[in-house]
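Peer 1:
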Amino acid sequence: MTFPLNTWYVACTPDEIQAGPLGRQVCGERMVFYRGPEQQVVALEDFCPHRGAPLSLGRVCEGKLVCGYHGLEMGCEGKTVAMPGQRVRGFPAVRAFPAVERHGFIWVWPGDPAQANADLIPALHWAQNDEWAYGGGLYHIACDYRLMVDNLMDLTHETYVHSTSIGQPEIDETPCQTRVEGDEVITSRFMNGIKPPPFWQMALRMNGLPDDQLVDRWQICHFTPPSHVLIEVGVALAGHGGYDAPDSVKASSIVVDFITPETATSIHYFWGMARRFKPQDPALTDQIRQGQGNIFAEDQEMLERQQQNLLRWPDRQLLMLNIDAGGVQARRVIDRLIAAERTAPAAATV
Amino acid sequence: MTFPLNTWYVACTPDEIQAGPLGRQVCGERMVFYRGPEQQVVALEDFCPHRGAPLSLGRVCEGKLVCGYHGLEMGCEGKTVAMPGQRVRGFPAVRAFPAVERHGFIWVWPGDPAQANADLIPALHWAQNDEWAYGGGLYHIACDYRLMVDNLMDLTHETYVHSTSIGQPEIDETPCQTRVEGDEVITSRFMNGIKPPPFWQMALRMNGLPDDQLVDRWQICHFTPPSHVLIEVGVALAGHGGYDAPDSVKASSIVVDFITPETATSIHYFWGMARRFKPQDPALTDQIRQGQGNIFAEDQEMLERQQQNLLRWPDRQLLMLNIDAGGVQARRVIDRLIAAERTAPAAATV
Amino acid sequence: MTFPLNTWYVACTPDEIQAGPLGRQVCGERMVFYRGPEQQVVALEDFCPHRGAPLSLGRVCEGKLVCGYHGLEMGCEGKTVAMPGQRVRGFPAVRAFPAVERHGFIWVWPGDPAQANADLIPALHWAQNDEWAYGGGLYHIACDYRLMVDNLMDLTHETYVHSTSIGQPEIDETPCQTRVEGDEVITSRFMNGIKPPPFWQMALRMNGLPDDQLVDRWQICHFTPPSHVLIEVGVALAGHGGYDAPDSVKASSIVVDFITPETATSIHYFWGMARRFKPQDPALTDQIRQGQGNIFAEDQEMLERQQQNLLRWPDRQLLMLNIDAGGVQARRVIDRLIAAERTAPAAATV
Numbered sequence: 001m002t003f004p005l006n007t008w009y010v011a012c013t014p015d016e017i018q019a020g021p022l023g024r025q026v027c028g029e030r031m032v033f034y035r036g037p038e039q040q041v042v043a044l045e046d047f048c049p050h051r052g053a054p055l056s057l058g059r060v061c062e063g064k065l066v067c068g069y070h071g072l073e074m075g076c077e078g079k080t081v082a083m084p085g086q087r088v089r090g091f092p093a094v095r096a097f098p099a100v101e102r103h104g105f106i107w108v109w110p111g112d113p114a115q116a117n118a119d120l121i122p123a124l125h126w127a128q129n130d131e132w133a134y135g136g137g138l139y140h141i142a143c144d145y146r147l148m149v150d151n152l153m154d155l156t157h158e159t160y161v162h163s164t165s166i167g168q169p170e171i172d173e174t175p176c177q178t179r180v181e182g183d184e185v186i187t188s189r190f191m192n193g194i195k196p197p198p199f200w201q202m203a204l205r206m207n208g209l210p211d212d213q214l215v216d217r218w219q220i221c222h223f224t225p226p227s228h229v230l231i232e233v234g235v236a237l238a239g240h241g242g243y244d245a246p247d248s249v250k251a252s253s254i255v256v257d258f259i260t261p262e263t264a265t266s267i268h269y270f271w272g273m274a275r276r277f278k279p280q281d282p283a284l285t286d287q288i289r290q291g292q293g294n295i296f297a298e299d300q301e302m303l304e305r306q307q308q309n310l311l312r313w314p315d316r317q318l319l320m321l322n323i324d325a326g327g328v329q330a331r332r333v334i335d336r337l338i339a340a341e342r343t344a345p346a347a348a349t350v
Numbered sequence: 001m002t003f004p005l006n007t008w009y010v011a012c013t014p015d016e017i018q019a020g021p022l023g024r025q026v027c028g029e030r031m032v033f034y035r036g037p038e039q040q041v042v043a044l045e046d047f048c049p050h051r052g053a054p055l056s057l058g059r060v061c062e063g064k065l066v067c068g069y070h071g072l073e074m075g076c077e078g079k080t081v082a083m084p085g086q087r088v089r090g091f092p093a094v095r096a097f098p099a100v101e102r103h104g105f106i107w108v109w110p111g112d113p114a115q116a117n118a119d120l121i122p123a124l125h126w127a128q129n130d131e132w133a134y135g136g137g138l139y140h141i142a143c144d145y146r147l148m149v150d151n152l153m154d155l156t157h158e159t160y161v162h163s164t165s166i167g168q169p170e171i172d173e174t175p176c177q178t179r180v181e182g183d184e185v186i187t188s189r190f191m192n193g194i195k196p197p198p199f200w201q202m203a204l205r206m207n208g209l210p211d212d213q214l215v216d217r218w219q220i221c222h223f224t225p226p227s228h229v230l231i232e233v234g235v236a237l238a239g240h241g242g243y244d245a246p247d248s249v250k251a252s253s254i255v256v257d258f259i260t261p262e263t264a265t266s267i268h269y270f271w272g273m274a275r276r277f278k279p280q281d282p283a284l285t286d287q288i289r290q291g292q293g294n295i296f297a298e299d300q301e302m303l304e305r306q307q308q309n310l311l312r313w314p315d316r317q318l319l320m321l322n323i324d325a326g327g328v329q330a331r332r333v334i335d336r337l338i339a340a341e342r343t344a345p346a347a348a349t350v
Numbered sequence: 001m002t003f004p005l006n007t008w009y010v011a012c013t014p015d016e017i018q019a020g021p022l023g024r025q026v027c028g029e030r031m032v033f034y035r036g037p038e039q040q041v042v043a044l045e046d047f048c049p050h051r052g053a054p055l056s057l058g059r060v061c062e063g064k065l066v067c068g069y070h071g072l073e074m075g076c077e078g079k080t081v082a083m084p085g086q087r088v089r090g091f092p093a094v095r096a097f098p099a100v101e102r103h104g105f106i107w108v109w110p111g112d113p114a115q116a117n118a119d120l121i122p123a124l125h126w127a128q129n130d131e132w133a134y135g136g137g138l139y140h141i142a143c144d145y146r147l148m149v150d151n152l153m154d155l156t157h158e159t160y161v162h163s164t165s166i167g168q169p170e171i172d173e174t175p176c177q178t179r180v181e182g183d184e185v186i187t188s189r190f191m192n193g194i195k196p197p198p199f200w201q202m203a204l205r206m207n208g209l210p211d212d213q214l215v216d217r218w219q220i221c222h223f224t225p226p227s228h229v230l231i232e233v234g235v236a237l238a239g240h241g242g243y244d245a246p247d248s249v250k251a252s253s254i255v256v257d258f259i260t261p262e263t264a265t266s267i268h269y270f271w272g273m274a275r276r277f278k279p280q281d282p283a284l285t286d287q288i289r290q291g292q293g294n295i296f297a298e299d300q301e302m303l304e305r306q307q308q309n310l311l312r313w314p315d316r317q318l319l320m321l322n323i324d325a326g327g328v329q330a331r332r333v334i335d336r337l338i339a340a341e342r343t344a345p346a347a348a349t350v
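Chains as they are written, first to last, in the UniProt record's numbering: chain A, 1 to 350; chain B, 1 to 350; chain C, 1 to 350.
#1: With 9 Å as the C-beta to C-beta threshold (strictly closer), list the residues of the region 141-164 of chain A near chain C in chain order.
#2: What's the C-alpha gap between B/Met-1 and A/Leu-124?
#3: Using a Cβ cut-off of 8 Å, pull out every chain A residue sitting near C/Gly-52, in sequence order please.
#4: Counting only beta-carbon atoms, is C/Leu-65 nearer than 8 Å to chain A?
#5: Which runs of the alpha helix (DSSP H) spanning at least 4 residues fall entirely within the region 179-237 of chain A, listed in chain order?
#6: Between which two residues does the beta strand (DSSP E) holding B/Leu-65 run?
#7: Residues in its own chain within less than 6 Å of A/Ala-43 by CB, not counting five upstream and five downstream?
#8: Can you give me the C-alpha to C-alpha distance between A/Cys-176 and B/Thr-265, rounded to a whole angstrom?
#9: Output yes or no for whether 8 Å exceeds the beta carbon distance between C/Val-256 and C/Leu-237.
#10: Find out if the Cβ-Cβ distance for the pair B/Phe-91, B/Pro-49 is shorter than 8 Å.
#11: So, does the CB of C/Tyr-34 fall closer than 8 Å to a CB anywhere in chain A?
#12: Who are the near neighbours of B/Pro-246 in its chain, counting only those whose CB is closer than 8 Å to its CB and skipping five residues on each side?
#13: Using a Cβ cut-off of 9 Å, pull out every chain C residue sitting near A/Met-302, in sequence order please.
#14: Roughly how many whole angstroms lie between the Cα atoms of A/Gln-306 and C/Leu-214?
#15: Of the residues that make up the region 105-138 of chain A, which ones have a beta carbon closer than 9 Å to any beta carbon in chain B?
#16: With a threshold of 6 Å on Cβ separation, who are the neighbours of A/Val-350 within its own chain once the five nearest residues in sequence on each side are excluded?
#17: Residues of chain C with CB under 9 Å from A/Leu-321, in chain order?
#18: Under 6 Å Cβ to Cβ from B/Ser-252, same chain only, skipping five residues before and after it: list those, please.
#19: Verify whether the separation of the beta carbon atoms of C/Gly-52 and C/Lys-64 is less than 8 Å.
#20: Between the alpha carbons of A/Leu-311 and A/Asn-207, how many angstroms are there, rounded?
#21: By DSSP, does C/Ala-142 sit in helix, in strand, or in coil?
#22: Name the chain B residues whose beta carbon is nearer than 9 Å to that of C/Asp-335?
#23: Who does C/Thr-80 pair with in a DSSP beta bridge?
#24: Rounded to the nearest angstrom, how far is the Cβ of B/Thr-178 from that of B/Ile-171, given a contact under 8 Å?
#25: Which residues does DSSP list as the beta-bridge partners of C/Lys-250?
#26: Interface residues of chain C around A/Pro-98 at Cβ under 7 Å?
#27: Is there a C-beta anywhere in chain B that falls below 8 Å from the one on C/Ala-348?
#28: With a threshold of 6 Å on Cβ separation, who are the neighbours of B/Ala-93 within its own chain once the five nearest residues in sequence on each side are excluded?
#29: I'd like the list of long-range same chain contacts for C/Thr-343, defined as Cβ closer than 8 Å, with 5 residues on each side in sequence excluded.
#30: Is it buried or exposed for C/Met-83, if we count other Cβ within 10 angstroms and need 16 for buried?
#31: Could you check where the beta strand (DSSP E) with A/Arg-332 kicks off and where it finishes?
#32: Would you say C/Arg-24 lies against chain A (beta-carbon separation less than 8 Å)?
See below:
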């Protein structure tokens, strides 16, 4: 197992279960997500105990999940509650996974349900906050989730992969600092007195600021386990304090990345951006989402081809340079969590 | 081996070998089908003894199958009969499979040729009978052939999978009876005084009967090995005797299903409908074929996803409810035939 | 290993590396091809020692290959020469493969670099010679490279696979002669007083000769290891000496085939035609390339389906007829080379 199980992953968004049940594999488990009788989110094994059909091909009727093959009605605990013409008391149950809707996402705990604690879901101060706007999307990428963590914790790749949007040589030229605070890994880079790249020129204009002046730019990547990477990014007109400059001279936002393993070599990648400026402007949200979607699509081929190369040369050690410190430290946190699960009582994983 | 070999399967239709040889895998064997010198159907291994090219890429010339690579001429016994510039006497033979054209289909016996007996091909009273019309099609579905047998022997799925055409709640609500007569399994259901669903409303109109009155509806599924399911279906205006009502107040037909394993997890599914009304109306045949094709296409995703689930959870026992009795009994017949082949003399399988 | 490694294969054409680096797998090795600082061709493992990204996704900057992920700069010996903000002295090297540009192709030696000798690249008198014109293309085919050698050393297949262009019954009817001269295998066939097939009718017209007269036709296939097949082909008006007739009464050319194994069951197939008539007519070059491309595309399905059949029936012996002598002898040469590599000192393969 290359991922921890006793932790919360983003499984899907509310939009995705609006029209009916959603089948999605998370951490190797095939799950079905839907809303139960109190509109609460439910996650079950995507397997009908009658004949093994995927429950996600069915429909939700008054909060019960009705199998689309022969009409078995599944309850939100994973127990069959009814079936036409049948007594269902002895039917075997399917596994129910703890699931919680919070911050505009649906979170699932693929491990031991007894340990699931909704308080462990990260606090996201910008989520569903009127002063902030959020827009994002979902990509499926055929790579180990840790390659995406590496990608996001070492932004020097922007200079090469995203050279036409957010990349610029100064990212490469400016050293970064990495520190670990408990299970959090923070990599930060401050570039002062540089020209803003195209994406930030746009953001400056959207903030009513000039786009042709030198700026101080920052990138502060926060990894928290299992695989969340939130990146504080922004520019301020040069000489006003950079990250600490007053709002009137800066444009800033948070790049949001929730990386959910599907298998050992594929992920559901929930990406987005939270911004505090012009939060009531949905056209701007769409425009940023479009731009960000284009940028993150540039990573896809690189990550998938990197994954193929690593499978082809499994014995080669990769380098761990200073720029890789964020990813390296994040993997240490991940490894520690996995090791802790392995040594925990057998009951921990069903 | 999950299928019997010493039995007749439908391999293809005459149409499919009209323009030239047809390559098709049956029960794991790659075969080529074509017409020999007396127009008789021939089934051989699809392997040229010269360099291993598929013979099905060749053409038929005066009843000989000419390899499309270097012109080897194959005879209908699997022996090379000629090749330009060569003496072919010592060429190794390829396997010939017993093949028979009957009832508008081409049947193949993938097992021991010595045991092949054309009398074992099922009698189909409706086939090539002027009082009946037949129309059908062929689907390739990635599932174990027994999942399709299950599907056809438990029609409660119509309520869920085919809710817009032939499904209706009464199917679920009416118990079925299953009985076994030798190797035949029969599951029947009689629903009296119900509203006809859309497909049967159409059939009533085609028979010059009102489509807005209550009817008695029946479904009588006949499984015979290895994997043929013929279903007597129909409706009669309510109160005239149902299945036994006179022709003047009913619409009825036979749903025809020949399921031929390609591999352990894929099938060639020959489906169709034989009807005794308006047999000389080819437009009606086409209309029914179109409707039936749409209905059977609805099963495909369910069956393929069910198969994937069963491969993913190989150790889970499925339930065997009363509605599943037809499929369960059919599997017992199949298992008995497979066991008999295993204990037969080794010569039985080449 | 089913192919020799200490030999030269055609890897790509200069066109393919004009716009940037090219990733291509040769003999199971993932390689990147590009031009170094002196415009010389370079072949390296397609693996960045930093994080394993394919170097072929990068770009060439002043003869250095810059990784497209984080900017590592790779030198043409496989050693990292620079990386922004890093000391690279201790970085592990990647493998460099000897590569040479010659005769309009880029050749690579996938085996022991110490044994690579550019003098072993075949002399091609027609290449880059003003009296000759060359046009060709590249196909990817999913078959063992030896099946393509067989194909080209036994042209009786033209009668069947290419019946509408270059095939004609006389090929089948005329015996061929095969001889071995060292590592070269030569199969020749001379057909006198026959009607020219469509392709050669066109060539006769292009030479200002009548296309409706009998001709003497020849095919002389030259195999040289590892997998080059050059075929002298042509027609002369009948009775003027055939192959030895004066240029004024004949049309002739050389069919060029360089077959490069990608894996054990797939190839990069570089095909083309060199002609000595109207060499300065690029429209004619295009026309011939188009026609030849259509002809060679006819082989693709046959070879791929033959390969699938051989994988399905791995234990069947193929026949070795007189027409197969060219392929059989070529395989003996290949086997001898592979055996020699196996018994060579271990240093021979890295």
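Yeah, the Cβ is synthetic: ideal placement off N, Cα and C, and Gly gets one too.
Peer 2: Quick look at the numbers:
#1: Among the residues of the region 141-164 of chain A, those with a Cβ less than 9 Å away from any Cβ of chain C are Leu-147, Asp-150, Asn-151, Asp-154, Thr-156, His-157, Thr-159, Tyr-160 and Val-161, in the order of the chain.
#2: For the purposes of this step, residue 1 of chain B is taken as residue 1 along the second sequence, with counting starting at 1. For the purposes of this step, residue 124 of chain A is taken as residue 124 along the first sequence, with counting starting at 1. Between B/Met-1 and A/Leu-124, the C-alpha separation is close to 56 Å.
#3: Taking the third sequence and counting its residues from 1, the one referred to as residue 52 of chain C is at position 52. Going along chain A in sequence order, the residues near C/Gly-52 (Cβ under 8 Å) are Gln-306, Asn-309, Leu-310, Trp-313, Arg-316 and Leu-318.
#4: To locate residue 65 of chain C, count along the third sequence from 1; it is residue 65. Output row for C/Leu-65: interface = no.
#5: 198-206
#6: Here residue 65 of chain B corresponds to residue number 65 of the second sequence, with the count starting at 1. Counting along the chain, the beta strand (DSSP E) containing B/Leu-65 begins and ends at 64-66.
#7: Numbered from its first residue, the first sequence carries residue 43 of chain A at position 43. Correct list, in chain order: Met-31, Phe-33, Phe-97, Ala-99 and Val-108.
#8: Here residue 176 of chain A refers to the residue found at position 176 when the first sequence is read from its first residue. Here residue 265 of chain B refers to the residue found at position 265 when the second sequence is read from its first residue. Computed Cα separation, rounded: 54 Å.
#9: Residue numbering aside, residue 256 of chain C sits at position 256 when the third sequence is read from its first letter. Residue numbering aside, residue 237 of chain C sits at position 237 when the third sequence is read from its first letter. No, Cβ-Cβ distance for C/Val-256 and C/Leu-237 is not below 8 Å.
#10: Stepping through the second sequence from its first residue, residue 91 of chain B is reached at position 91. Stepping through the second sequence from its first residue, residue 49 of chain B is reached at position 49. Yes, they are a contact pair.
#11: For the purposes of this step, residue 34 of chain C is taken as residue 34 along the third sequence, with counting starting at 1. Cβ-Cβ to chain A under 8 Å: no for C/Tyr-34.
#12: As a first step, residue 246 of chain B is located in the second sequence; it is residue number 246 there, counting from the start. Only His-240 meet the Cβ criterion.
#13: For the purposes of this step, residue 302 of chain A is identified with residue 302 of the first sequence, where counting begins at 1. Residues of chain C whose Cβ lies closer than 9 Å to the Cβ of A/Met-302 are, in chain order, Ala-53, Pro-54, Leu-57, Gly-68 and Tyr-69.
#14: Start at 1 with the first residue of the first sequence, and residue 306 of chain A comes out as number 306. Start at 1 with the first residue of the third sequence, and residue 214 of chain C comes out as number 214. The straight-line gap from Cα to Cα measures roughly 60 Å.
#15: Contact residues of the region 105-138 of chain A toward chain B are absent (C-beta to C-beta distance below 9 Å).
#16: As a working note, residue 350 of chain A is residue 350 in the first sequence. Its pLDDT being 42, under 50, A/Val-350 is placed unreliably in this model, and the coordinates cannot settle the point.
#17: For the purposes of this step, residue 321 of chain A is identified with residue 321 of the first sequence, where counting begins at 1. The answer, in chain order, is His-50, His-70, Met-83, Gly-85 and Gln-86.
#18: For this step, residue 252 of chain B is matched to residue 252 along the second sequence. Contacts found: Gly-234.
#19: Along the third sequence, one-based indexing puts residue 52 of chain C at 52. Along the third sequence, one-based indexing puts residue 64 of chain C at 64. Going by C-beta atoms, C/Gly-52 is not nearer than 8 Å to C/Lys-64.
#20: Position 311 of the first sequence holds residue 311 of chain A. Position 207 of the first sequence holds residue 207 of chain A. About 45 Å.
#21: In the third sequence, residue 142 of chain C corresponds to position 142, counting from 1. Here C/Ala-142 sits in coil by DSSP.
#22: Along the third sequence, read from residue 1 onward, the residue named residue 335 of chain C stands at position 335. The contacting residues do not exist; C/Asp-335 stays about 18 Å from chain B at best.
#23: Working through the third sequence from its first residue, we reach residue 80 of chain C at position 80. Answer by DSSP bridge pairing, in chain order: C/Met-74.
#24: One-based indexing of the second sequence puts residue 178 of chain B at position 178. One-based indexing of the second sequence puts residue 171 of chain B at position 171. Contact doesn't hold; Cβ gap of about 15 Å is too wide.
#25: The residue labelled residue 250 of chain C in the question sits at position 250 within the third sequence. BP columns for C/Lys-250 point to C/Ala-236.
#26: Your numbering for residue 98 of chain A matches position 98 in the first sequence. Near A/Pro-98 there are no residues of chain C at all, since even the closest Cβ is about 35 Å away, more than 7 Å.
#27: Taking the third sequence and counting its residues from 1, one reaches residue 348 of chain C at position 348. Residue placement at C/Ala-348 is flagged as unreliable, the pLDDT there being 43, under the threshold of 50; a coordinate-derived value is accordingly withheld.
#28: Numbered from 1 along the second sequence, position 93 holds the residue referred to as residue 93 of chain B. So the list reads Gly-78 and Lys-79, once near-sequence residues are dropped.
#29: In the third sequence, counting from the first residue as 1, residue 343 of chain C sits at position 343. So no residue of the chain qualifies.
#30: For this step, residue 83 of chain C is matched to residue 83 along the third sequence. That one is buried.
#31: As a working mapping, residue 332 of chain A is identified with position 332 in the first sequence. Per DSSP, A/Arg-332 belongs to no beta strand (DSSP E); it is in the alpha helix (DSSP H), 325-343.
#32: On the third sequence, residue 24 of chain C is found 24 positions in, with the first residue counted as 1. Judged by the 8 Å Cβ criterion, C/Arg-24 is not in contact with chain A.
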